[in-house]
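S.K.: If you read the sequence shown in our numbering, its first letter stands for residue 7, the second for the next number, and so on. Can you read through this structure? Questions will come right after.
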Amino acid sequence: MVCDYIENYELKNHTTFKIGGLAQRAFFPTTVEDLCELLETLKNPIVLGCCSNVLISSKGVEQDVILTSKLNNFEFDNNIVTAQCGVKVPMLSKAAEEKGLSGFEFMIGFPGSVGGAVYMNASAHSQALSDTFKACRVFDMDSKKVLDLNKDELKFGYRSSVLQEKNYVLLDAKFELRPLPKEEITAVMQRNLEFRKDKQPSLVMPNVGSIFRNPPNDSAGRLLEKAGVKGLKEGGAQVWLGHANFIVNVENATSKDVSLLINKMYNMVKEKYTIELVPEVKYIGLKSEEEEKLWDTMLNKK
Ligand SMILES: Cc1cc2nc3c(=O)[nH]c(=O)nc-3n(C[C@H](O)[C@H](O)[C@H](O)COP(=O)(O)OP(=O)(O)OC[C@H]3O[C@@H](n4cnc5c(N)ncnc54)[C@H](O)[C@@H]3O)c2cc1C
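See the structure below:
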């Protein structure tokens, strides 16, 4: 095997939700070459970054898991930055600020990796990852080849990219930033952090950010609040009292507690508004029959 792995690795500690069972094998490649070799060798592995947008099954994950946390190199060439998939986006945001380069101010406030942020086309405060994206290298799991893709080929949309359609793993990505006086960048980043203080729970209360995507021309948080979900509880999971589109793990919540709560929120909005919200958080791992049904309904796989 190209790189060491840990057997029966407790995924819970790696997630911002502090939920998740064991991965039978967890790999931590340290070079892009090792990552490619793993992707060539392993059968159908799951690649994860900071696990800040996933609900990992408390029953664990059967497949091999590759965690990209050690692929954390990035380099600037004037206003172009190339970053490996495991780079934490707040770190990239701070490095760009230091260099007086604008475009990553929005990434200061959330705990994702470059891989997860490209997969989701992460966005906030009127900036999106796709605004600065130039090109990337992906490993195509079907052809087992490395492909160079340009921005058009990424097919970015609201919280979506081609990585969600195709069997691609992001290796590294290039972004083009815009020179701006450092004080202006710092001021925007501080405003962004300030905004988040009241609008989202800090990670002291384990969470995964927004649970549902915004429907067209509306806000999931507004609909959920009007439907009366704030404070609802299921086992150790609770809808945050500060904002209705967040769930916090208040007391050793399981993936089933969260699945039941998400489904309750989904049904309450559907009943009041006949709008079917789409979950933004992605379920990873083994599902009980009950969880399978709950998620199939919400993902419209009836
Ligand atoms: C407090 C908080 C606030 C947040 N605020 C925002 C926000 O304002 N805006 C926003 O957009 N998101 C937000 N998020 C959600 C999340 O942080 C982002 O979506 C982030 O970009 C996900 O990155 P990740 O590394 O954690 O992905 P993970 O959770 O590890 O993975 C998410 C998906 O990406 C895939 N993936 C990960 N790496 C790769 C790779 N190298 N190649 C292919 N696929 C890959 C995974 O398989 C999975 O399907 C927030 C989360 C939290 C906890």
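Positions of the beta carbon are idealized from the N, C-alpha and C atoms, including for glycine.
#1: Terminal residues of the continuous beta strand (DSSP E) containing Arg-143?
#2: Quick check: what's the CA-CA separation for Lys-262 versus Asp-83?
#3: Locate the alpha helix (DSSP H) running through Asn-156, then write down its first and last residues.
#4: Hey, how far is the Cα of Gly-66 from the Cα of Glu-16?
#5: If I follow the unbroken beta strand (DSSP E) through Asn-255, where does it start and stop?
#6: Which stretch, first to last residue, makes up the alpha helix (DSSP H) that contains Gln-196?
#7: Does the beta-carbon of Ala-123, which I'm using as the reference point, lie nearer than 7 Å to any heavy atom of ligand 1?
#8: In angstroms, rounded to a whole number, what distance separates the CA positions of Ile-62 and Gln-69?
#9: Please look up how many angstroms separate the CB atoms of Ala-141 and Lys-151, rounded, as I've assumed it's under 8 Å.
#10: Would you mind reading off the limits of the beta strand (DSSP E) that contains Tyr-125?
#11: Quick check on Ile-72: does DSSP put it in helix, strand or coil?
#12: Looking at chain B, is there any beta carbon in it that lies within less than 8 Å of the beta carbon of Val-194?
#13: Mind checking whether the beta-carbon of Cys-57 lies closer than 7 Å to any heavy atom of ligand 1?
#14: Within the continuous beta strand (DSSP E) that includes Thr-88, where are the two ends?
#15: What did DSSP end up calling Gly-234 once you bin it into helix, strand or coil?
#16: The beta strand (DSSP E) that contains Leu-28, what's its start and end?
#17: State the beta-bridge partners of Pro-285 as determined by DSSP.
#18: Based on Cα-Cα distance, which residue from Phe-162, Leu-283 and Val-124 lies nearest to Ile-268?
#19: If you drop the 5 nearest sequence neighbours on each side, which residues of the same chain put their C-beta closer than 7 Å to that of Glu-43?
#20: Under three-state DSSP, which class holds Ser-166?
#21: Per DSSP, Val-60 forms a beta bridge with which residues?
#22: For the putative contact between Val-124 and Leu-77, defined by C-beta atoms under 8 Å, what is the C-beta separation to the nearest angstrom?
#23: Spell out a yes or no on whether the region 169 to 183 and the region 216 to 230 are touching, meaning 3 or more CB-CB pairs, one atom from each, closer than 8 Å.
M.R.: If we stick to the structure as given:
#1: By one-based count along the sequence shown, residue 143 stands at place 137. Where Arg-143 is concerned, the enclosing beta strand (DSSP E) stretches over 139 to 146.
#2: Residue 262 sits at position 256 when you count from the first residue of the sequence shown. Residue 83 sits at position 77 when you count from the first residue of the sequence shown. Taking the straight line joining both Cα atoms gives about 46 Å.
#3: Counting from one through the sequence shown, the residue named residue 156 turns up at place 150. First-last for Asn-156: 151 to 156, but that is the beta strand (DSSP E), not the alpha helix (DSSP H).
#4: Taking the sequence shown and counting its residues from 1, the one referred to as residue 66 is at position 60. Taking the sequence shown and counting its residues from 1, the one referred to as residue 16 is at position 10. The alpha-carbon atoms of Gly-66 and Glu-16 are separated by roughly 9 Å.
#5: Counting from 1 along the sequence shown, the entry for residue 255 is found at position 249. Residues 253 to 255.
#6: To locate residue 196, count along the sequence shown from 1; it is residue 190. Gln-196 -> alpha helix (DSSP H) spans 188 to 205.
#7: The residue given as residue 123 occupies position 117 in the sequence shown. Correct: Ala-123 has its Cβ closer than 7 Å to ligand 1.
#8: The count along the sequence shown starts at 1 and reaches residue 62 at position 56. The count along the sequence shown starts at 1 and reaches residue 69 at position 63. Going by the C-alpha atoms only, they are around 12 Å apart.
#9: Looking up residue 141 in the sequence shown gives position 135. Looking up residue 151 in the sequence shown gives position 145. That pair is no contact at about 16 Å.
#10: Translated into positions along the sequence shown, residue 125 becomes position 119. Unbroken run through Tyr-125 is the alpha helix (DSSP H), 120 to 126; no beta strand (DSSP E).
#11: Looking up residue 72 in the sequence shown gives position 66. Correct three-state label for Ile-72: strand.
#12: The chain labelled as chain B is not found in the depicted structure, where only one protein chain is given.
#13: In the sequence shown, the residue the question calls residue 57 occupies position 51. Yes - ligand 1 has a heavy atom lying nearer than 7 Å to the Cβ of Cys-57.
#14: Stepping through the sequence shown from its first residue, residue 88 is reached at position 82. Where Thr-88 is concerned, the enclosing beta strand (DSSP E) stretches over 86 to 90.
#15: The count along the sequence shown starts at 1 and reaches residue 234 at position 228. Three-state DSSP puts Gly-234 in coil, outside helix and strand.
#16: Working through the sequence shown from its first residue, we reach residue 28 at position 22. That run of the beta strand (DSSP E) goes 28 to 33.
#17: Locating residue 285 in the sequence shown gives position 279, counting from the first residue. According to DSSP, which records beta bridges pairwise, Pro-285 is partnered with Phe-218.
#18: In the sequence shown, the residue the question calls residue 268 occupies position 262. Residue Leu-283 is the option with its Cα nearest to Ile-268.
#19: As a position in the sequence shown, residue 43 is number 37, starting the count at 1. Excluding sequence neighbours, Glu-43 sits near Val-8.
#20: Start at 1 with the first residue of the sequence shown, and residue 166 comes out as number 160. Here Ser-166 sits in strand by DSSP.
#21: Walking along the sequence shown from the start, residue 60 turns up at place 54. Answer is Lys-288.
#22: If you number the sequence shown from 1, residue 124 lands on position 118. If you number the sequence shown from 1, residue 77 lands on position 71. With 8 Å as the limit, Val-124 and Leu-77 do not qualify as a contact, their Cβ atoms being about 13 Å apart.
#23: no
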